[in-house]
Every structure is written in structure tokens, then in C-alpha cells.
Amino acid sequence: PNTVMRTYSYLQDRGIIFNKRGIGYFVAENAYENTRSLKKEDFTNHSLPQLFKTMDLLNLSFNDLKIFYNKHKRN
Numbered sequence: 011p012n013t014v015m016r017t018y019s020y021l022q023d024r025g026i027i028f029n030k031r032g033i034g035y036f037v038a039e040n041a042y043e044n045t046r047s048l049k050k051e052d053f054t055n056h057s058l059p060q061l062f063k064t065m066d067l068l069n070l071s072f073n074d075l076k077i078f079y080n081k082h083k084r085n
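Okay, so the sequence shown: first residue is 11 according to my numbering, each after it adds one.
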């Protein structure tokens with residue numbers, strides 16, 4: 011129960027859900043945009059730095075990355 015309440019609190023603090031007292035929780039009107047923004051922030055702060063480290067380790071250029079990206083988009 012405590013974990014669930016923390017999750018509700020987390021989502022509410024980020025504007026993804028809202029609480030109507032005595033009724034329950036509902037998805038906020040701008041939940042999609044807020045969720046997308048949070049994902050973008052997480053990607054920028056965590057995934058990208060790791061990607062750049064791996065690229066350096068493997069000696070991959072941005073051009074190499076672009077080629078892989080274009081192959082991925084075609085599939």
C-alpha cells in the first residue's frame with residue numbers, strides 16, 4: 011500500500027494524474043505531454059551520456075550513428 015501511494019504521489023507531483031477528493035485519481039488532461047517531457051529528460055540525462063561513453067569506447071562517429079539510425083528507421 012505504501013509503495014502504491016508513493017507512486018500516486020510521484021505521478022501527481024509530475025502532473026500526470028490528479029486526485030478528486032472522495033472520488034479517486036484521474037489522468038490529467040496534459041498527461042501525455044508531461045510523460046513525454048519526463049521521458050525526454052530521462053533520456054537526455056541518463057541514456058545519452060551512456061551512449062556517448064559507449065561511442066567513445068567503440069570509436070564510433072556521429073556519422074556511424076546516423077547510418078545505424080537510418081537502418082533502424084527503415085525496419
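Think of the CB as a built atom: it goes at the ideal place given N, C-alpha and C, for glycine as much as any other residue. In this text the structure is predicted, and so the values were computed from the model without any measurement.
| Check | Outcome |
| --- | --- |
| Cβ contact check for the stretch 12-26 and the stretch 42-52: 3 or more pairs under 8 Å | yes |
| In chain order, each alpha helix (DSSP H) run of at least 4 residues that lies wholly inside the stretch 27-72 | 41-52, 58-68 |
| Backbone CA spacing between L67 and N80 [nearest angstrom] | 22 Å |
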